[in-house]
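Here is the structure we will look at, set down as C-alpha cells.
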Amino acid sequence: MAPVFHPQSPEAHAIATIFLYFLVLAAMIFLVVAGMVGYSIVRYRARPGDADPRPTFGHRRIEITWTVVPLVIVVVIFAFTLRTMAGVDAPREPDRPPDLTITGHQWWWEARYPNGAMTAREIHIPAGRRVLARIESADVIHDFWAPELGRKMDAVPGRAGYIWLRADTPGTYAGTCSEFCGVQHAGMRFGVIAEPQADFDAWVAQQAETRAADPGERLFRERKCGECHAISAKDDKTYTGPPLAHIAGRRFLGGNLPNREGNLMLWITSPQSILPGNRMPDSRLPADEVQELTRFLETRR
Amino acid sequence: MRQRARLAMAMFLLSEAVFFFMLIAAFVYFRAASLAVAAANLKLGATAVFTACLLASSFTMWRATVTRIRAWLGGTILLGGVFLVGQGSEYLRLFRQHITISQGLFGTTFFTLTGLHGLHVLVGIALLAILLGLATERRSVAVETIALYWYFVDVVWVAIFAIVYLWTLL
Amino acid sequence: MSPAPPRSAIRVWLSTIDHKQIGILYMLTALFFFVVGGLEAMAMRAQLSAPNLKFLAPETYDQMFTMHGTTMIFLVVMPALVGFGVYLVPLMVGASDMAFPRLNALGYWVTLGGGVLLYASFLAGGAPDAGWFSYAPLSEKPFSPHAGSDYWALGLLLLSAGSVIAAVNFVVTIATLRAPGMTIRRLPLFVWITLVNSVLILAAMPALNAALVMLLSDRVLAAHFFDPAHGGSPILWQHYFWIFGHPEVYILVLPAFGMISEIIPVFSRKPIFGYGFVAASTLAIAFLSFGVWVHHMFAVALGRVFISVFAAASMLIAVPTGIKVLNWAATLVGGSIRFTTAMLFAVAFLLEFTVGGLSGLAFAVVPIDWQLTDTYFVVAHLHYVAFGGIAFALFAGAYYWFPKITGHLLNEPLGRWNFWMVVIGFNLTFFVQHILGLLGMPRRVYTYPDLPWWAVLNQISTFGAVILGLGALVFVANLFASLAFGARAGNDPWDAWTLEWAAASPPPTDNFEHVPPVRSRRPLWDLKHPEAPDWATRGGG
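Protein chains in written order, with the working numbering: chain Y, 15 to 315; chain W, 11 to 180; chain V, -4 to 536.
Below, the structure written as C-alpha cells:
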C-alpha cells in the first residue's frame, strides 16, 4: 500500500481523503475530454472522397457553460482545500515551546528533546498523541517527510517551521529528506519510532543520561572523532556529524546500515564506500584502533 | 522606421523596468536590517548634486532630439560622466569606511542596485558617444530611440534616490 | 560591375540575417541539444534501473539532472519555439522578414553562446549540480565551491538575453508588419499567442536576471542576498526564481498551444471552435501566471493565508487552460479528421496534456502538495505537460511545417513508427512515476532503497525511456532521410488556410510573390472557396 494512501495519523488521513476525492474528480474530467476526443476520432474520421464540412465558428453558450462550470468546481475544491489545511497544519507561530526540535544536516536528521536528549536518524515520539515538532536546518534547505504520518515541511536555515507529528499506533514509520540538499540527499532517510507513552518517557530519559567513563574515549578524542561528533549527552555545541552518546541503542547507522555485526566497523573504516560524498572521510586507521573505537561506541547504549 | 524603433525600445525598457523593480524590491526587503548602516554612511547633499546633473542630462538629451546640434549630445555625455564620477567618489568614500558589497545587507543591496544602475549609465554614455560619430540623417531616429533609454535610466535613478537616500535619511 | 563571387555555405549560414535561415539555425540547435539532454536522461534512467547501482557517482548524477532540466528548458524548448516563431511569424502575417533582421541574428548567436558557456562547465571543473532551479544556500559558495553554478548563472543570463531579443522582435513585427487587412482579430492563433507570449517573456525574464545577478554577487563578490549567516534569505531566491519560473512554464507551453491551434483545425477540416475564447484565455493565462508562483513553495512555512491566496490563483488558472482544451476537442466534433502524423501527435497532445494539467491541479490542493511536492509525482506531472504537451506539439509542428521549410514531406510510415514508439515509451516512462511518488520516492535521488515496488516500477520507467529514446531517434532519422529522399511538397500539401501556405516550399528570400488579400482569419480558404468565403459567413470575419 502506497504510504500516501496508508495514513497512520488523523492528519495523513485527512490528506489521503481529499486526495481520493480529487482523484475521482480528475478521472471524471479526463473522461469528459477523452470521451469527446475518442468519440470524434472514430465518428468523424475522414473517409476517402469526403468533402470539407460546413464551417462553424463556435457557440457562445457552450463556451460560457464550460467557463462557469469549471469555475464552480474550482471554488468547491478551494473550499475543501482550506478546510483540510486548517485541520492538518500546525500554527505558524505556536504559543508554546515544541515537544522536539528536528534539524536537518547534510546528510542526517537530528532530533533534540527538551530534557537535552539528542539523537540522530531515529525520531522517537509517544504513540497516539500529537506532538509539536519544530523543523530547522543547520546548513542548506532540507525537507522532513514521513508520508504515512502527514505533511512535509521544508527545513530552511534561519527560519523554523512547525508540524504536528503523530502516529496512531506504535511502530516505525519511514521518512526521507524531500528537498535536494547535495550529494547525499538520497541517503538522508530517517524513521519515526512511535512508542507507548511509558516506553517513550523511559527512552528520552535514558538518552539524556551520561554514560560511565571509558578508556576508549581517549582514542576517540585523539583520533579527532570528537571534532565532528558529540560523545556526551546534552552536548549543546553544533557538530557536523550525528551525536554518538547513545549510538549503540540505535537501529540504523549512516547509509541505512542496520546497526549490527561489522557494520559499525565498516562505517568507521570506510564511510565513503557506503555514502560517497558524505562529510566523514575514510578513517585509514589501523584495524586494532578501529576495533577499540567500535568496542567503545558499543558501550554507548 | 521611427515607429518600429520606438516600439522596440519601449518593449526593451519594459523588461528593464521589471529588472530594476526586482532589485529595488530586494533593497526594500532588507531595508530594516540595513537602515542603521545606511543612515550612518549615506550623504544626501553630495548625492543630490550629482543627481541634479543626471536630471539636467535628460534636458540636454531632449534638446539633442529636437535640434540637430551635436553639442547637446556632448553635453549629455558630460553630465552623465559627472554623475558617474560622483557615484564613483561615493563608492570610494564607503570603501574607506570598509563598507563594501560584502559588508552586510546594506553593502549587498546598495552596491548591487546602484552598481547595476551605474553600468546602465555607462552603456548609455557609450551609445551616445557612438551617436556622435554617426551622420545626421541616420542619427535622428537613433537619437530619439536612445533618448528613451536615457530618460528611463534617469527615472530609475529618481526611484533609487527616493528609496535608498530620501527614505533612509529623511 | 562583375557579380560577387559565390560564397561558401558556411559563410552564408554564419552571416545570414534571413529569418528563415535563422529559424532553421534555432531549430537545428534545439535538435542537437535535445539529443544531448536525452542522453543525460538516459544516463539517469540507467542509474535508476535498479536500487543501489553504482553506474553513476552521486556527483555525476547531480550534474546530469541539473543539466538535463536546464538543457531541455533553455536549449531545446525555448530555441525550438523561437525557431518556429521567427520562421513562421513573418510568413503568417504576409511580411518578407522580421522587423529587425540583424537583431534576429544577434538573438540566435547569443542563445548559442549561452549554450556553449553552459556546457563549457564540464571542462572547467564540473557542470552545475544544484538542480535547474539552483536553490540557495546549496548553490552558494560554501556549499557549491566549484564554478559550475557560475557557468549556470552566466549561461542563463545569455540565454535570457536571447529570449528578450526575440521577444522584442516579435512584438514589433506583429505590431507593424502585418499584411493589409490582417487586423489583430484576424491573426492566426499561433501569431496572436506569440505576441502575448513575447510580452510575457519581457515581463518574466528580468526576474530571472535579477536573481542571477544577485546569486553571482553572492558567489563571486561575497554579497549576502541569500546567505542566512549574514541575514540574507534563501526564501528570497525561491520567490525571485519562481516569479520568473512560473510564467516561464507558460512561456514554454503557450507557443505549443499556438501550434496545436493551427494544426487541429486543418486536419479536422474545420475552423477552430471558438477563436475568441482561445485568444482571450491566452490573455487570462498570461495575466494569472504572475499570481501563482508560491505554489512551488507550499512546503515552506509561509503562513496559511498567504499560501491560500496562491492556491486559489493556481486553481483559477486551470479554467482558461481547460477552455483551450475543450475548444480543441470541440473542433474535432463534426469534422472530417485526417490522421497524418502531425494530427496523431496533436490528438495525443490533448490527452497527455490533460493528464499533466490534472496532476498540476492536484498540486494546487495544498494538502496534496504537502505530501507530493518534490517527489516523483512532480516529475511525472512536469513531464506530462512538458513532453506529452510541449514536445508532442513540437513533433506535430515539425511534421506539419517541415514541407514548408524544406520542400519535402516527412515520411509518413516512419512518422507512424515515430509516433507509436514515442507515445508508448513516454507513457511507460512517466505514468508509473505518479505511483513512485505516492510510494514515497523523492526526486533528485541518485539511488533508492529496495523497498516494495520501487525497483520494478523504476525498471518499467527505464524500459519506457529506452523505447522513447529510440522513437526520438526515428524522428531524427526521418528528418535527414526525408531531406534527402522525401517526396516533394508543393506550396500547400495540407490544403491549409493561413498565409504561409501561399508561399513556395521553401519560400524564396522575400517570401511572397504576391501576398493574398486578407479579409478573414483564413485568407487561403477564402481564395479557394470564393463561393463561401469566411468573411461572408456569420462568425467567420
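Where is the CB? At the ideal position from N, CA and C, for every residue including glycine.
Everything numeric in this text was worked out from a predicted model, so none of it was measured.
A Cβ-Cβ contact shorter than 8 Å links residue 19 of chain W with residue 159 of chain W. DSSP, read as helix, strand or coil, puts residue 150 of chain W in helix. In the pairwise beta carbon analysis, the stretch 40 to 55 of chain V is classified as not touching the stretch -4 to 16 of chain V: fewer than three pairs are separated by under 8 Å. Taken in chain order, the members of the stretch 279 to 301 of chain V whose beta-carbon sits within less than 9 Å of a beta-carbon on chain Y are 292, 294, 295, 296, 297, 298 and 299. 8 Å or more divides the Cβ of residue 306 of chain V from the Cβ of residue 283 of chain V. Counting along the chain, the unbroken alpha helix (DSSP H) around residue 158 of chain V starts and ends at 143 to 171. Within chain V, no C-beta atom comes less than 9 Å from the C-beta of residue 155 of chain W; the nearest is roughly 12 Å away.
Contacts between residue 209 of chain V and chain W, judged by CB atoms closer than 7 Å, involve 36 and 122 in chain order.
When C-beta atoms of the stretch 355 to 362 of chain V are compared with those of the stretch 427 to 436 of chain V, fewer than three pairs fall below 8 Å, so the two segments do not count as touching. For residue 23 of chain Y, not one C-beta of chain V is nearer than 8 Å to its own C-beta.
Under the DSSP definition of a beta bridge, residue 195 of chain Y lacks any partner.
Distances from the alpha-carbon of residue 216 of chain Y to those of Y/57, Y/52 and Y/129 put Y/129 closest. Residue 329 of chain V and residue 368 of chain V have their C-alpha atoms spaced approximately 41 Å apart. For residue 17 of chain Y, the chain V residues whose Cβ falls inside 8 Å of its Cβ are 433, 434 and 435, in order along the chain. The beta carbon of residue 500 of chain V sits no closer than 8 Å to any beta carbon of chain Y. The Cβ atoms of residue 255 of chain V and residue 391 of chain V sit closer than 8 Å to each other. Closer than 8 Å to the CB of residue 136 of chain W there is not a single CB belonging to chain V. Taking 8 Å as the upper bound for CB-CB distance, residue 178 of chain W and residue 52 of chain W are in contact here, some 6 Å apart. Contact between the stretch 290 to 298 of chain V and the stretch 259 to 273 of chain V is absent, with fewer than three C-beta pairs closer than 8 Å. Taking all protein chains shown into account, residue 73 of chain Y has fewer than 16 neighbouring C-beta atoms within 10 Å of its C-beta and is therefore exposed. When Cβ pairs closer than 8 Å are counted between the two stretches, the stretch 28 to 38 of chain V is seen not to touch the stretch 12 to 19 of chain V, the count staying below three.
The beta-carbon of residue 90 of chain V is placed no less than 8 Å from the nearest beta-carbon of chain W.
DSSP, reduced to helix, strand and coil, places residue 131 of chain V outside both helices and strands of the structure shown, so it counts as coil. Contact check for residue 115 of chain W against residue 241 of chain V fails: the beta carbons are separated by 8 Å or more. Counting only runs of 3+ residues, no beta strand (DSSP E) is found wholly inside the stretch 18 to 54 of chain W. By the Cβ neighbour-count rule, residue 108 of chain W is exposed, with fewer than 16 other Cβ atoms within 10 Å of its own. The three-state reading of DSSP puts residue 499 of chain V in coil, since its state is none of H, G, I, E or B. The continuous alpha helix (DSSP H) containing residue 347 of chain V extends over residues 336 to 359. In the DSSP secondary-structure assignment, residue 145 of chain Y is bridged to Y/179. For residue 464 of chain V, the enclosing alpha helix (DSSP H) stretches over residues 449 to 480. Think of a sphere of 7 Å around the beta carbon of residue 220 of chain V: the chain W residues whose beta carbon falls inside it are 36 and 118, in chain order. Listed in chain order, the alpha helix (DSSP H) runs fully inside the stretch 31 to 115 of chain Y are 74 to 102, counting runs of at least 4 residues. The beta-carbon separation of residue 202 of chain Y and residue 122 of chain Y, rounded to 7 Å, stays under the 8 Å limit for a contact. Residue-level contact by beta carbon holds for residue 81 of chain Y and chain V, with a gap shorter than 8 Å. Within the stretch 413 to 433 of chain V, not one residue has a Cβ closer than 8 Å to any Cβ of chain W. For residue 133 of chain Y, the uninterrupted beta strand (DSSP E) segment begins and ends at 132 to 134.
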